[in-house]
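Engineer:
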Amino acid sequence: MTDTNLKIVTLGSMARRLGVTTKWLRTEAENGRLPHLKAGERFLFVPDVVAAVIAQRAAQYPTGCCNTLSSKDEKRDS
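The opening position of the sequence shown corresponds to residue 311 in our numbering, with each subsequent residue numbered one higher.
(1) Give the range of the alpha helix (DSSP H) segment to which Gly-335 is assigned.
(2) What does the alpha-carbon distance come out to for the pair Leu-321 and Gln-370?
(3) Report all residues from its chain with a CB closer than 6 Å to the CB of Arg-367; omit the five preceding and five following residues, and keep chain order.
(4) What's the C-alpha gap between Gly-329 and Lys-348?
(5) Check the DSSP bridge columns for Gly-347 and list the partner residues they point to.
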(Lines of atoms letter the chains of each structure in order from A and count residues from 1; the text may use other names and numbers.)
(Lines give C-alpha, C1' and ligand atoms only; values in the text may rest on other atoms or scores of the structure.)
Protein backbone atom coordinates (compact mmCIF):
# COMPACT_ATOMS: atom_id res chain seq x y z
CA MET A 1 0.00 0.00 0.00
CA THR A 2 1.37 3.43 -0.87
CA ASP A 3 1.05 6.61 1.14
CA THR A 4 -0.78 9.15 -0.99
CA ASN A 5 -0.16 11.87 1.62
CA LEU A 6 3.61 11.76 1.21
CA LYS A 7 5.06 15.25 1.68
CA ILE A 8 7.95 16.28 -0.56
CA VAL A 9 9.77 19.58 -0.03
CA THR A 10 12.41 21.55 -1.90
CA LEU A 11 16.05 21.97 -0.92
CA GLY A 12 15.43 25.43 0.52
CA SER A 13 12.43 24.34 2.54
CA MET A 14 14.26 21.30 3.94
CA ALA A 15 17.30 23.41 4.84
CA ARG A 16 15.09 25.88 6.74
CA ARG A 17 13.38 23.03 8.61
CA LEU A 18 16.76 21.66 9.69
CA GLY A 19 18.37 25.03 10.35
CA VAL A 20 21.25 24.35 7.97
CA THR A 21 22.49 26.01 4.80
CA THR A 22 21.32 24.85 1.40
CA LYS A 23 24.98 24.27 0.51
CA TRP A 24 25.42 21.81 3.39
CA LEU A 25 22.20 19.98 2.58
CA ARG A 26 23.03 19.74 -1.14
CA THR A 27 26.51 18.41 -0.34
CA GLU A 28 25.12 15.76 2.02
CA ALA A 29 22.61 14.67 -0.63
CA GLU A 30 25.12 14.66 -3.50
CA ASN A 31 27.52 12.53 -1.45
CA GLY A 32 24.82 9.98 -0.64
CA ARG A 33 24.57 10.81 3.06
CA LEU A 34 20.94 11.98 2.90
CA PRO A 35 18.15 10.42 0.87
CA HIS A 36 16.67 12.67 -1.79
CA LEU A 37 14.97 12.76 -5.15
CA LYS A 38 16.20 14.69 -8.14
CA ALA A 39 13.92 16.31 -10.68
CA GLY A 40 16.20 17.80 -13.28
CA GLU A 41 18.53 20.03 -11.28
CA ARG A 42 16.16 20.28 -8.29
CA PHE A 43 16.76 18.37 -5.07
CA LEU A 44 13.62 17.17 -3.30
CA PHE A 45 13.31 15.65 0.17
CA VAL A 46 10.80 13.75 2.30
CA PRO A 47 11.09 15.53 5.69
CA ASP A 48 10.23 12.51 7.86
CA VAL A 49 12.81 10.34 6.08
CA VAL A 50 15.55 12.96 6.32
CA ALA A 51 14.79 13.55 10.02
CA ALA A 52 15.01 9.80 10.70
CA VAL A 53 18.38 9.53 8.94
CA ILE A 54 19.79 12.51 10.82
CA ALA A 55 18.52 11.11 14.14
CA GLN A 56 20.15 7.76 13.34
CA ARG A 57 23.45 9.48 12.51
CA ALA A 58 23.31 11.53 15.73
CA ALA A 59 22.68 8.38 17.79
CA GLN A 60 26.02 6.97 16.63
CA TYR A 61 27.95 9.56 18.63
CA PRO A 62 28.34 9.73 22.40
CA THR A 63 26.43 12.44 24.20
CA GLY A 64 28.28 15.72 24.23
CA CYS A 65 30.72 14.84 21.46
CA CYS A 66 29.83 17.91 19.46
CA ASN A 67 29.71 20.36 22.36
CA THR A 68 33.43 21.03 22.46
CA LEU A 69 34.77 24.45 23.25
CA SER A 70 37.30 26.14 21.06
CA SER A 71 40.64 26.98 22.68
CA LYS A 72 39.60 30.66 22.68
CA ASP A 73 36.45 29.82 24.71
CA GLU A 74 38.44 27.66 27.13
CA LYS A 75 40.88 30.49 27.87
CA ARG A 76 38.06 32.96 28.46
CA ASP A 77 36.29 30.60 30.91
CA SER A 78 39.45 29.86 32.91
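Every residue gets a Cβ at the ideal spot worked out from N, C-alpha and C, and that includes glycine.
Structural biologist: On the basis of the supplied data:
(1) Residue numbering aside, residue 335 sits at position 25 when the sequence shown is read from its first letter. Note on residue identity: the sequence assigns Leu, not Gly, to residue 335. From DSSP, the alpha helix (DSSP H) with Leu-335 extends over 332-340.
(2) Taking the first residue of the sequence shown as 1, we reach residue 321 at position 11. Taking the first residue of the sequence shown as 1, we reach residue 370 at position 60. For Leu-321 and Gln-370, the distance between alpha carbons rounds to 25 Å.
(3) Position 57 of the sequence shown holds residue 367. Nothing listed; no residue qualifies.
(4) Residue numbering aside, residue 329 sits at position 19 when the sequence shown is read from its first letter. Residue numbering aside, residue 348 sits at position 38 when the sequence shown is read from its first letter. Their Cα atoms are separated by approximately 21 Å.
(5) Taking the sequence shown and counting its residues from 1, one reaches residue 347 at position 37. Contrary to the premise, residue 347 reads as Leu rather than Gly in this sequence. According to DSSP, Leu-347 bridges with Leu-354.
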